[in-house]
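Read in order, the letters of the sequence shown are residues 1 to 373 in full-length UniProt numbering. Glycine included, every Cβ here is placed at the ideal spot set by N, Cα and C.
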Amino acid sequence: MADHKQLGNEAFKAGRFLDAVQHFTAAIQANPSDGILYSNRSGAYASLQRFQEALDDANQCVSLKPDWPKGYSRKGLALYKLGRLQEARTAYQEGLKIDPANEPLMSGLREVESASDPEFMYLSAAMSQLVATNPKLQQYQQQDPSYVMNLCRMISGLKTNPQSLQHVMMDPNPAIREGIMAYIQMASGMPQPEETPEPPQPKQPEKKEEPKPKEEPLSEDQQKAKEYKEEGNKLYKQKRFEEALEMYKKAIEHDPDNLLLENNKAAVYLEMGDYAKCIATCNAAIDRRYEVKADFLVISKIQAMSQSGTVDEEQYRQAMADPEVQQMLGDPQFQIILKRLSENPAAMNEYLSDPKIAKGIQKLMACGILRTA
């Protein structure tokens, strides 16, 4: 048993986590009452992103060694990665009752508390729904149960530091790049890229369709707001921003509880370069989210728009004076790329697969010249 435990520890330190699991499993078979072995294997499973198995071992560890803080740390981490925040908080708190000064437990609890913030929970719910409706992202979630939580942490980081987007989009993991792009497209109202059609499936017996719930008819004011919004959208596409703004304001007068109209207004301010008004409009709308019981996807869109407005105007001017930026903007190939992206933002994934073009795009995104939301 001692040999397998030692070999497992050595494999873990070397980053050979699957080997570590195999050695710890052999050690457990020889001594199934050793709680430390379950903790070690839990750590190896967590490193393999196999968090349900990590949780099972952590529970066994806590059962065998209820007075050992590390078992609760393992349990808290696995629950957190699985998105079970309340249970993760409880696990960390139970561990801290045993060792109140334990830094890993305190650090884990802080991270859970941060993830329990209402805005983070809105984001988590929105991302869960997005992944559930996107077959490609569903595959990534099946491979890594912590996928949604990892994306949410990255998106939260982008909200506080939008310039880090260039580093995120350089991530070698396509699951991260595609997840962030899908979020940006969702939050800004862009259509999702079409999936490759699957081969036809054998005909199934026809099922009777459930009757669809009837949509509630719009009130007279809501109908008027819709008409003004549609007119504003037409003007926005024509880049007649002042006129579009007036239409959105009129729409809001008729339907003030529709926060998406505030998002449209913020988008106009963003295009006009009035970043302060863009952010103020978004923040005012977000502050009213509980008052009007706004859907989490609505709030997610507004938060994304607010993030776009955080581009600093002085930084933008400095970017335009950068010789490298000037050269890219004067390059006919880049002009074609930028034009296509303005017409079809979903083409971003295609361009990011070319390292040379990706570097230029990331530079323009970092400067705030090219916006994706």
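In this structure, DSSP gives Pro100 a state outside helix and strand, which the three-state scheme calls coil. Around the beta carbon of Ala276, fewer than 16 other beta carbons sit within 10 angstroms, so the residue counts as exposed. Judged by beta-carbon spacing, His254 lies within the 8 Å limit of Asp221, meaning their Cβ atoms are closer than that value.
Take Phe17, set aside five residues on each side of it, and the residues of its chain with a beta-carbon closer than 7 Å to its own are Ala44, Ser47 and Leu48, in chain order. Rounded to the nearest whole angstrom, the C-alpha separation of Tyr183 and Tyr248 is 25 Å. For Asp19, the enclosing alpha helix (DSSP H) starts and ends at Phe17 to Ala30.
With distances taken between CA atoms, Lys250 lies nearest to Leu261 out of Tyr236, Glu53 and Leu261.
Here DSSP, grouped into helix, strand and coil, assigns Val292 to coil.
Closest in C-alpha terms to Ala26, from the list Gln6, Gly15 and Ala14, comes Gln6.
Excluding its 5 nearest sequence neighbours in each direction, Lys224 has C-beta neighbours in its own chain below 7 Å: His254, listed in chain order. For Met247, the three-state secondary structure derived from DSSP is helix. Comparing alpha carbon positions, the residue from Asn9, Gln29 and Glu178 closest to Ala20 is Asn9.
The alpha carbon of Ile336 has as its nearest neighbour, out of Asp322, Tyr351 and Ser146, the alpha carbon of Tyr351.
DSSP places Thr90 in the helix class (H, G or I) of the three-state scheme. The beta-carbon separation of Ile176 and Met154, rounded to 7 Å, stays under the 8 Å limit for a contact. Lys81 and Leu151 have their C-alpha atoms spaced approximately 11 Å apart. Here the stretch 92-112 makes no contact with the stretch 129-146; the two share fewer than three CB pairs at distances below 8 Å. Judged by their CB atoms, Gly76 and Val62 are not nearer to each other than the 8 Å cut-off.
If you look at Gln49, you'll find it isn't in any alpha helix (DSSP H); DSSP assigns it neither H nor E.
A check of alpha carbon separations from Asn258 across Met272, Ala280, Asn233 and Lys226 identifies Lys226 as the nearest. The beta-carbon separation of Ala78 and Leu105, rounded to 14 Å, does not stay under the 8 Å limit for a contact. Asn283 is positioned such that its CB atom lies no closer than 8 Å to that of Lys229.
In this structure Thr281 is buried. Its beta-carbon is surrounded by 16 or more other beta-carbon atoms within 10 angstroms. Counting of Cβ neighbours within 10 angstroms places Gly179 among the buried residues, the total reaching 16 or more.
If you look at Lys136, you'll find it in the alpha helix (DSSP H) that goes Pro135 to Gln143. Per DSSP, the continuous alpha helix (DSSP H) segment holding Ala266 begins and ends at Leu259 to Glu271. In this structure, Asp34 and Pro69 do not form a Cβ contact; the two beta carbons are roughly 17 Å apart against a cut-off of 8 Å. The beta carbons of Ser42 and Arg74 sit closer together than 8 Å. The alpha-carbon of Asn59 is positioned some 9 Å away from that of Tyr38. Secondary structure of Gly83 (DSSP, three-state): coil. Distance from the CA of Arg289 to the CA of Asn173, rounded to the nearest whole angstrom, comes to 34 Å.
A direct Cα-to-Cα measurement between Val292 and Asn233 gives close to 24 Å. Note on Leu218: under 16 other CB atoms within 10 angstroms of its CB, so exposed under the neighbour-count rule.
Its chain contains Phe241 as the residues whose beta carbon lies nearer than 6 Å to that of Met272, once the 5 sequence neighbours on both sides are disregarded; these appear in chain order. One alpha carbon belongs to Gln326, the other to Val131, and they sit about 38 Å apart. Take the alpha-carbon of His4 and the one of Glu53: they are about 20 Å apart.
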